[in-house]
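Heads up, the sequence shown is in my numbering, so the first residue is 309 and it goes up one at a time.
All C-beta atoms, glycine included, are put in the ideal place defined by N, C-alpha and C.
Source: prediction; values computed, not measured.
Input: a single structure, listed below in structure tokens.
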Amino acid sequence: VARHVADNVSDAERHLVRARGASTASAKSANDAFAAFDAGGKSQGEAAWTFARQRSGEARDAYATAARTLEAAFLLDTGRDDVRRQLAEVTLERLELAEREHRIGDRDELQSRLGLYDPTGEFATRRVRPGRVVTAITPASAQVSISPMTIINRAVATTPVARLDALAPGLYLVVAEAQGHATVRLPIVVKPGEEHRVELTLPAASAVPPGFAYIPVGPLLSGSRDDEFMRTFFDAPPMHERRTGAFMIAQTEVTYAQWFEFLADQTGDARVRHTPKITSSTTVQTGGELELRSDAQGWELQITPAGITYTARAGTPVVYRARAQRKSQDWRQFPVSGITSDDAEAYAMWLAKTGRVKGARLCSELEWERAARGPDGRPYPNGDRLAPDDANFDETYDRKDGGFGPDAAGSHEASDSPFGLHDMSGNVWEILRSPSGVVMRGGGFYTGSITAHLANRQEITPAFKHLHVGTRICAGPP
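In structure tokens:
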């Protein structure tokens with residue numbers, strides 16, 4: 309028996325050498341892929357990523373073979389604590405590889421398996437060692453709270469923690485506020501046994517325009533952790549860590565009421581060009597018809613979101629025909645849609661020129677994704693899934709023709725992002741700037757929750773306009 313155990317252990321060690329080598333090679337190639345994607349080299353990134361996946365597969369196979377061989381050895385002599393410890397070590401390495409590659413299901417299964425070979429909790433303890441948060445907030449008089457946040461289904465802060473030197477690993481929300489300064493929210497991830505330093509300078513309240521949030525410098529997990537089929541559908545890079553600088557972002561999509569102010573300042577051709585209008589005569593699919601009109605009595609909207617036309621003057625609500633809730637709404641608070649990226653750029657330039665929002669511009673993809681997801685790579689602003697009433701997408705109003713249509717901005721607080729932003733999934737798609745041109749993200753009221761996934765992106769042309777597409781504004785730091 310001892311000889312058979314020794315032979316199995318020796319075989320397992322050979323497989324482990326192969327597994328660790330392949331894992332190292334996979335990590336290097338993955339980092340090469342991430343660097344290429346981040347630099348705009350999609351084809352180079354995909355090539356490096358294909359190699360990384362191949363080496364990852366080799367590592368996973370070799371780890372699995374090593375584990376099976378060690379299990380066979382342990383079954384021959386269950387008194388061999390050294391074999392049990394090797395099994396625990398191999399399981400922990402497999403778990404860490406799954407975590408590195410964002411394979412959540414595999415990670416959770418291996419976490420459960422680890423307990424079989426780790427009766428004292430020696431190895432599991434490595435994953436739950438307390439972390440520590442150190443804060444350096446300006447002004448020194450700022451009041452700071454740090455609260456745990458759930459990451460399944462809701463992004464809701466609970467009771468603030470009392471001690472910052474022994475925090476369980478996980479997601480936390482830092483809220484800092486001081487008189488005369490803007491309140492700042494910063495979601496952070498505390499890792500096992502690590503110190504997380506939070507350095508914040510709160511901007512003056514007057515420097516952050518009404519309706520905007522200040523986003524400090526920080527990391528995000530960008531891209532898709534899904535299988536290759538879904539990643540291709542999303543047109544997203546593989547999930548990996550990135551960072552943004554500080555910036556400001558509007559808490560809601562741009563509304564008709566805000567667009568009115570812009571149009572009132574335009575004359576002649578510019579006013580006509582930037583007034584939303586979509587007709588059935590267009591040569592591309594537009595999701596329905598829309599026309600914004602004005603006369604001496606004010607503004608009037610005519611919108612046909614799903615074969616049913618609604619017409620309402622400013623001050624008169626749109627009343628949806630087949631809704632049980634949010635049936636009657638002030639359409640002036642709807643997100644403006646039927647605009648092109650050129651229209652959105654013109655609006656941002658007007659905000660900046662008139663001093664309403666200093667440095668106003670379209671959001672970059674990376675800024676938008678960080679503001680929507682926070683640091684933990686969640687698929688939706690509020691966690692792992694969207695319930696039908698969490699946001700405005702196809703299920704929200706039972707997929708009825710008389711239910712489809714935009715909602716007033718901020719109507720679905722259940723899906724607020726970790727930074728407190730509204731409608732980052734659903735309502736209307738949002739026009740953003742990317743290194744390659746123009747994209748839209750976030751999904752809309754007529755499409756399913758999968759299109760509202762925060763990794764999903766679609767490139768569009770500057771002239772593209774659609775009933776389901778609007779925008780949101782960003783600006784540089786105050």
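DSSP state of residue i mapped onto helix, strand, coil
{"i": "residue 742", "result": "strand"}
{"i": "residue 720", "result": "coil"}
{"i": "residue 430", "result": "coil"}
{"i": "residue 487", "result": "coil"}
{"i": "residue 351", "result": "helix"}
{"i": "residue 389", "result": "helix"}
{"i": "residue 520", "result": "strand"}
{"i": "residue 362", "result": "helix"}
{"i": "residue 783", "result": "strand"}
{"i": "residue 563", "result": "strand"}
{"i": "residue 502", "result": "coil"}
{"i": "residue 618", "result": "strand"}
{"i": "residue 367", "result": "helix"}
{"i": "residue 507", "result": "strand"}
{"i": "residue 587", "result": "coil"}
{"i": "residue 828", "result": "The shown model of the chain, from 309 to 786, leaves out residue 828, and the question about it has no answer."}
{"i": "residue 460", "result": "Legend: pLDDT at residue 460 = 46, less than 50; position of this residue unreliable, value from coordinates given subsequently. Residue state, collapsed to three classes: coil."}
{"i": "residue 633", "result": "coil"}
{"i": "residue 694", "result": "coil"}
{"i": "residue 708", "result": "coil"}
{"i": "residue 529", "result": "strand"}
{"i": "residue 472", "result": "coil"}
{"i": "residue 664", "result": "coil"}
{"i": "residue 727", "result": "coil"}
{"i": "residue 699", "result": "coil"}
{"i": "residue 568", "result": "helix"}
Residue span of the beta strand (DSSP E) that contains residue i, given as start and end
{"i": "residue 548", "result": "548-552"}
{"i": "residue 777", "result": "777-779"}
{"i": "residue 601", "result": "597-603"}
{"i": "residue 538", "result": "Taken as a continuous stretch (DSSP letters only), residue 538 belongs to no beta strand (DSSP E), being part of the alpha helix (DSSP H) at 536-542."}
{"i": "residue 608", "result": "606-612"}
{"i": "residue 455", "result": "451-456"}
{"i": "residue 669", "result": "668-670"}
{"i": "residue 758", "result": "Where residue 758 is concerned, there is no enclosing beta strand (DSSP E), given that its DSSP letter is neither H nor E."}
For residue i, the first and last residue of its enclosing alpha helix (DSSP H)
{"i": "residue 681", "result": "673-681"}
{"i": "residue 318", "result": "310-346"}
{"i": "residue 733", "result": "Premise fails: residue 733 is in no alpha helix (DSSP H) and is neither H nor E."}
{"i": "residue 412", "result": "412-422"}
{"i": "residue 650", "result": "649-661"}
{"i": "residue 580", "result": "576-582"}
Counterpart residues of residue i in DSSP-defined beta bridges
{"i": "residue 494", "result": "482"}
{"i": "residue 555", "result": "523"}
{"i": "residue 440", "result": "503"}
{"i": "residue 767", "result": "747"}
{"i": "residue 446", "result": "509"}
{"i": "residue 643", "result": "563"}
{"i": "residue 627", "result": "636"}
{"i": "residue 688", "result": "691"}
Residue i and residue j closer than 8 Å at C-beta
{"i": "residue 779", "j": "residue 609", "result": "no"}
{"i": "residue 721", "j": "residue 730", "result": "yes"}
{"i": "residue 718", "j": "residue 560", "result": "yes"}
{"i": "residue 309", "j": "residue 384", "result": "yes"}
{"i": "residue 368", "j": "residue 382", "result": "no"}
{"i": "residue 625", "j": "residue 641", "result": "no"}
{"i": "residue 484", "j": "residue 450", "result": "yes"}
{"i": "residue 596", "j": "residue 614", "result": "yes"}
{"i": "residue 370", "j": "residue 406", "result": "no"}
{"i": "residue 500", "j": "residue 408", "result": "no"}
- Task: Pair every Cβ in the segment 642-658 with every Cβ in the segment 686-706, then say whether three or more of these pairs are closer than 8 Å.
- Result: The segment 686-706 and the segment 642-658 do not touch, with fewer than three beta-carbon pairs separated by less than 8 Å.
- Indicate whether the contact test is met: 3 or more Cβ pairs, each with one atom in the segment 491-504 and one in the segment 637-645, closer than 8 Å. Contact fails: fewer than three Cβ-Cβ distances are below 8 Å.
- Mind the definition here: the segment 756-775 touches the segment 692-706 only if three or more C-beta pairs lie below 8 Å; say whether that holds. Verdict: yes, contact present.
- Message: Between the segment 708-726 and the segment 626-635, can you find at least three pairs of beta-carbon atoms closer than 8 Å?
- Response: These segments touch.
- Query: Between the segment 763-771 and the segment 550-560, do three or more beta carbon pairs fall short of 8 Å?
  - Reply: Taking 8 Å as the limit for Cβ pairs, the verdict is that the segment 550-560 does not touch the segment 763-771.
- Query: Three or more C-beta pairs closer than 8 Å, one from the segment 341-357 and one from the segment 369-381: is that the case here?
  - Reply: Judged by Cβ distances under 8 Å, the segment 341-357 makes no contact with the segment 369-381, as fewer than three pairs qualify.
- Message: I want to know whether the segment 437-455 touches the segment 473-483 - three or more CB-CB distances under 8 Å.
- Response: Result yes; three or more Cβ-Cβ pairs closer than 8 Å.
- Query: Do the segment 674-685 and the segment 515-530 make contact, defined as three or more Cβ pairs closer than 8 Å?
  - Reply: Segments in contact, yes.
- Query: Touch check for the segment 560-569 and the segment 537-544: three-plus C-beta pairs under 8 Å?
  - Reply: As far as the Cβ criterion goes, the segment 560-569 does not touch the segment 537-544, which means the pair count is below three.
- Item | Contact the segment 400-414 vs the segment 443-452: 3+ CB pairs below 8 Å | Touching, no.
- Query: Taking contact to mean at least 3 C-beta pairs separated by less than 8 Å, is the segment 481-490 in contact with the segment 511-524?
  - Reply: Segments in contact, yes.
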